[in-house]
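See structure below.
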């Protein structure tokens, strides 16, 4: 299962992006729970794939990876410049909790808002993510973060 998850994350990162000043591969940082390095690539004008590697404050030295398929709605907020889509999606996460010697595998349901700069290959995002861990036991968690990415074109 881990191999399939990592393969899907890698596949999402190499797909071509289209239709935004933020085309190409976006790489940046995010802070919150967890905090780490974020990547994103646009699949169509309204869909994207993101992935991250992060450190979690849930236990000492916990390491987190996730990948999400995202859908963006550009019609809710209309700023004077740039774009401000609301996004939502589904994905998966793996959390290696070293304090409990456990590997948590879960389903993520991200909801966020993202500002896409009009002329700069940058974005800024804020998201809240309910997580349903399936292993080692079923638990519900919530992640939240703020971050930014630079898109290499």
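In the working numbering, the protein residues as written are 62 to 214. Glycine included, C-beta positions come from ideal geometry on N, C-alpha and C.
A distance below 6 Å between beta-carbons, with the five flanking residues on each side excluded, links residue 147 to the following residues of its chain, in chain order: 134, 137 and 174. A contact between stretches requires three or more CB pairs, one per stretch, nearer than 8 Å, and the region 84-92 fails this requirement with the region 189-203.
Here the C-alpha atom of residue 154 lies approximately 32 Å from the C-alpha atom of residue 139. DSSP places residue 184 inside the beta strand (DSSP E), whose first and last residues are 183-196. The Cβ atoms of residue 113 and residue 102 lie no closer than 9 Å to each other.
Here residue 158 has 119, 120, 123 and 165 as same chain residues with Cβ atoms under 7 Å from its own Cβ, once five neighbours each way along the sequence are excluded.
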